[in-house]
Structures are given as structure tokens and as C-alpha cells.
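Peer 1: Here's a structure for you.
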Ligand code: AGP
């Protein structure tokens, strides 16, 4: 959500900034801009719309210069217009800034600045920062920025250029990510690693309130009090190609096809024949035995993975598990203490509500374990313990391989807790481990076997306005994810319901041709699902069932069936979701939408 880039070096900055912004497009945005400085001049170009609008605007006369900053904006304060786009500057145009985050006290600061004679051009909260720097500059940009940062309430990642101190960028952050890339005779600033991974794999990851003063051949780091600090260089092992589309039409399709490998990675070294080992997380056997409750807190898809986690942990470990949406959890005065284990789940590791929930849980004395995909992210750094999802970079806004790895991470954790708390016998544990180890291979089979029918169904779904996803138990957890995926990228209104709940309301909406995806992998509840399927079929629904190979009874009651390979029914979720990810993708494609960057959504939701 909002992307920041910065470059200082020997090359022309404009193409490098644009390229960096393109690599951050996954974060979601609705306008973009750059500022490039030559000696004591700064050339600013900014446009509402996608990057191609900005590229057209600069095509004939690109800003020249070897130092610059760039931004993709996801509108919060003020519409996505040219004027509200970043960069923003002060009254004199001497201080030019890009910002990611929200300044909560901007109105009060703006009123004070207006009283002092400052005039504002935009409706943004960001612009106050440029005017505050103008107001507080006394010959040292770094000092002015630190002073201004202390006046700001809310979140920010900032990159700042100034005519008064050319050849320099000041970067500072609080609650919004910012990194500094280390090159040879050139340096970079970005919201996220993929922006400049093709140029360097070495980064400083700024922590809250830290400031970087960057020139082409030097990076100096400071804390909030202005003291010099040293930080370890963070070396990234992904290569630039790993973050590319790898020959697929869209990142989402590539990421779905990477699901089997992603599962393999999350299992690797943790689950081996006959053993499950999570010694990488510092949870002693005594702690594990003493916990009386688990709380899972997350947003969106990650929360649906959490619901799956609840079913699996409660069944295997016989421990109560509560699942909360993070934006609810943080304001509901949750009853947690040092006997609760809190698990926060976040692909990006930057989701504002999840991060706030983590902090709240820690404040209440609970230990927080994070499942995240992004090393060095805020959640990874602040959690007490981290289990990395190892899904590899996920670029499409719709989460697919990271969701599956969240689910598999819950399988691993459940098996580990069951082992430590001895809630399953050794033989059963052995069998369950064998089953989990089959997942990567079976995921490949699932993709191959479901692809054609999914493509055919997408051609029918593209004409629909509504769809329902139903299931019981873990199949209900899956239906939530299936419905979210369809709605977020195909814009079809999709609802998920526990199948037994249909007759308490939603059945009224079922009529001829309404698509219903019925997930029936919980074999102990199979007959009950068949009855629910008959209820919707009798009212004219077009039913697509997802069940195990061999469960052919369902064919009598539905229009189409996707069969997934047989596996212990507790772990069917990691396979059964695959055709739903594909269905969402192909339906969006059929409808001609921007699959990787759906309207109104951002990959990384760093504001409340
Ligand atoms: C996933 O498809 C969604 N785009 C969204 O619900 C996402 O899962 C949610 O915003 C949480 O993100 P996180 O995992 O990065 O915290």
C-alpha cells in the first residue's frame, strides 16, 4: 500500500525509479509520481492513474538527474488526483517528499501552519510534513526531519529530497516499512526488497524511528535522538527472476503453479519421516503444556487460514482456539494473559491491524508467535517467535501460495503441539506425518487434474452476479477463502456459508442457475453435505462439488465434480483450495479484469 523508491548514483535516475515503482505495483496504488534533482533544481512529475500515465507524461522530456525519489499512492486523504499524488513540497519547493502511512494529527498541524502563513496545494495529510520541514530547517536537513518526526502522530515512511542539500536523500520510518539498498557507487531506498533486487541483494532494514542519510557513496544511520547507529546488513537470497512472472501471463497464475513447491519449502526441515520438529521457535515443552488457550489473529485470507488452523489444532491437540479478525481483536479488550499463546498470521508482515494486535497481546503478557512470509518485516521483527512461511515472494494482490503455506504451517504446528502434549499416539502421529509429506506431490496432481474443468466453469461463472460457497467444518473454512478469492478479483458477489446454515436465510437467494461451490472433503460429514447439496439443487442451483477421488455418490446430485487426490481428511484443505484459486483466476481473466491488481485493493495494508 503506497510504494516508495529512491536512487542516488551515476546513472539517470528516472528509468531506475520507474522500474522500481513497477516492481512495487503489487502493493496497490491509484497515482504515481517522481522527483529528480539536478544540482539545486528538483523536477517533479506526478499523475493520477497507473504508471503508464506517468510514463506517457515524461516520455518526451524525462526529468534529468542522478538523484531522485518516486512514489505510488493509494489514496487515503483526498481523491486520487494529480494534485494529491506524491511527491509533495513546501511553499518554496525546496523540500520534496514522498510518504507512506497516515498522519493522524495532520489537521491540527495544518491549521497551525496555515496560521503561520503556509499555503497548501493538496488535500493530503502528507503535505504538512514538507511545510513542517520548511518551518524547522536550520541548516541541517537530517536534524529538521528528526524534529518534525517527533511532531507526527501516526505512521510514516518518508523519503526526502532538498534543494538546500543536493545529492542526498533522507529516509525515516515509523510503522511503515522502509529499506536502504547498498550498491557500488550507488544506493537505493524502497518500501520493499523486490524494487531493487536486480541491482543489489544487500539492504539495511530500518526499524521504527530510525533515519538514514544517504548519498551516492555513503549511508549513515541514526536513531530517533540523532545518535549514529550501526546495523547489520541484511542479505537476501532471492534473485530478481524469482520475483518475475516466470513466463506466466499473471503473477497470480505463476503463484498458483508454485503452490506445490511452496508447500515443499514450508515442510522442509520441519516435517521429516517419523518426526516433526519446530525447535527453530523458542517454545519450551513446559510452556506448550501450560498454555490453556490459543488465539489466532489475522486479516482477510490469513484469518481464513487461521479458521482452518482452529479446526485442525482443536481436533489434534484438544485445546481451545479462538480466531479473531485483527481489526476487531485490537478493540475488543480480549481476555488473554501469559497462559495464552497468540499466533498472528500475515503474509506481508506489515498489516497494520495485525501488527497492533501483536503489540496488544505482548502488552497483556502473552507470547506472540508470528507466521509470516517476509523476512525482516515489522511483524517478523516484533514477534517473540517467527515461523517463516517460505512461500517465496508473492506479488499478486490475491494471496494464493502464501495462504496454502499458512494452512500447512498450522498442520505442522498442530502436529508439533500434539506430539509435545501427547494428545495423539505415536502411531497416529507417524501416519499423520506421512500424509502431510505427500502434500507437494498431490498438489501438483490437483492442479493438473482440475485445470480443464475449472477453465470451462469460469466461462459460465463470468456471466454470473452472485455465487455461494458451502461446506462444513474444515470445508467451511475453505469456502470462506474460495468466496473471498472469487469476489476480490472477479468482482462477483460471493458468499461463504456453513452448509447447515443455508436454511436459516441464504436459501432464499438460491434460484435457477445460481452457482454453488460445495466442498465435501470432510468424510465424516459427507452424508450431511449431500443433503445440503440436494437442498440447493432442488432450488435450481448450478452445483460444482469438490471432493475426494472415489466419492462418486455426489455425482447424482450435482452438475460438475472436481476430484482431488485422497489424503487424510484433516489435511484436504491444502489441496481442495487449489481449484478454487484457479476458478477465481480464470473467472477474472474471462471477465477481462486486472487479475494481479484488483480495483480498490492493496497487497500490503499498512494503514488501519
Ligand atoms: C488476500 O487475497 C487478500 N488480498 C487479503 O485478504 C490479505 O490476505 C489481507 O490483507 C492480509 O494480508 P497479510 O497476510 O499480508 O497480513
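Numbering (the numbering used here), first residue to last: 606 to 1213.
All residues carry an ideal CB built from backbone N, CA and C; glycine is no exception.
Fair warning: this is a prediction, and the values are worked out from it, not measured in the lab.
#1: Terminal residues of the continuous alpha helix (DSSP H) containing residue 641?
#2: What residue range is occupied by the uninterrupted alpha helix (DSSP H) comprising residue 1186?
#3: Across which residues does DSSP place residue 807 in a beta bridge pair?
#4: To the nearest angstrom, how far is the alpha carbon of residue 951 from that of residue 1139?
#5: Do residue 1097 and residue 1070 have their C-beta atoms closer together than 8 Å?
#6: Please report the residue range of the beta strand (DSSP E) in which residue 779 lies.
#7: Can you tell me the Cα-Cα spacing of residue 1141 and residue 1160, whole angstroms?
#8: Go through the region 909 to 989 residue by residue and report every complete run of the alpha helix (DSSP H) that reaches 4 residues or more, in order.
#9: Could you name each continuous alpha helix (DSSP H) segment of 4 residues or more that falls completely within the region 1088 to 1142, going from the start of the chain to the end?
#10: How many Å lie between residue 1056 and residue 1073 at the Cα?
#11: In this structure, does DSSP put residue 1036 in helix, strand or coil?
#12: Out of 992, 1018, 906, 669, state which residue places its alpha-carbon closest to the alpha-carbon of residue 616.
#13: Using the C-alpha atoms, what's the distance from residue 976 back to residue 930?
#14: In three-state DSSP terms, what is residue 821?
#15: Would the beta-carbon of residue 948 fall within 8 Å of that of residue 1087?
#16: Where do the N-terminal and C-terminal ends of the alpha helix (DSSP H) with residue 628 fall, by residue?
#17: Starting from residue 802 and walking both ways along the alpha helix (DSSP H), at which residues does that stretch end?
#18: Going by DSSP, what residues sit across from residue 761 in a beta bridge?
#19: Here's the rule: buried if 16 or more other CB atoms are within 10 angstroms of the residue's CB, otherwise exposed. What is residue 611?
#20: What is the residue span of the beta strand (DSSP E) that residue 896 lies within?
#21: Relative to the C-alpha of residue 861, which candidate in 1003, 872, 782 has its C-alpha closest?
#22: With a Cβ-Cβ cutoff of 8 Å, do residue 729 and residue 689 count as a contact?
#23: Do you know offhand how far residue 955's Cα is from residue 1094's?
#24: In chain order, which continuous runs of the alpha helix (DSSP H) of length 4 or greater are located wholly inside the region 664 to 740?
#25: Taking 7 Å as the cut-off, is the beta-carbon of residue 1002 closer than that to any non-hydrogen atom of ligand 1?
#26: From residue 686 to residue 662, what does the alpha carbon distance come to, in whole angstroms?
#27: What residues are listed by DSSP as bridge partners for residue 652?
#28: Output the distance between the C-alpha atoms of residue 720 and residue 713, rounded to the nearest integer angstrom.
#29: With burial defined as no fewer than 16 other Cβ atoms inside 10 Å of the residue's Cβ, what is the status of residue 1046: buried or exposed?
#30: Give the DSSP-derived three-state secondary structure of residue 877 in the structure shown.
#31: By the DSSP assignment, the alpha helix (DSSP H) with residue 862 in it spans what residues?
#32: Hey, is residue 907 close to ligand 1, as in C-beta under 7 Å from one of its heavy atoms?
#33: Beta-carbon separation of residue 772 and residue 726 under 8 Å?
#34: Between which two residues does the beta strand (DSSP E) harbouring residue 1071 extend?
#35: Using only CA atoms, which one of 1092, 626, 1168 lies nearest to residue 1048?
Peer 2: On the basis of the data shown:
#1: For residue 641, no alpha helix (DSSP H) segment is defined; the enclosing uninterrupted segment is the beta strand (DSSP E) at 636 to 643.
#2: 1178 to 1196
#3: 840
#4: 37 Å
#5: Going by C-beta atoms, residue 1097 is nearer than 8 Å to residue 1070.
#6: 774 to 779
#7: Answer to the nearest angstrom: the Cα atoms are 14 Å apart.
#8: Listed in chain order, they are 931 to 934, 957 to 968, 983 to 987.
#9: 1131 to 1142
#10: 20 Å
#11: helix
#12: Ranked by Cα distance from residue 616, the options 992, 1018, 906, 669 are led by 669.
#13: 15 Å
#14: Residue 821 falls in the coil class under three-state DSSP.
#15: Taking 8 Å as the cut-off, the beta carbon of residue 948 is found no closer than this to the beta carbon of residue 1087.
#16: 618 to 628
#17: Looking at the DSSP string, residue 802 is not in any alpha helix (DSSP H), and its letter there is neither H nor E.
#18: Per DSSP, 779, 780.
#19: buried
#20: Here residue 896 belongs to no beta strand (DSSP E), and DSSP marks it neither H nor E.
#21: 1003
#22: yes
#23: Between residue 955 and residue 1094, the C-alpha separation is close to 22 Å.
#24: 711 to 720
#25: yes
#26: 15 Å
#27: 637
#28: 11 Å
#29: exposed
#30: strand
#31: Segment 856 to 862, the alpha helix (DSSP H) holding residue 862.
#32: yes
#33: Note that the C-beta distance between residue 772 and residue 726 is not below 8 Å.
#34: 1071 to 1076
#35: 1168
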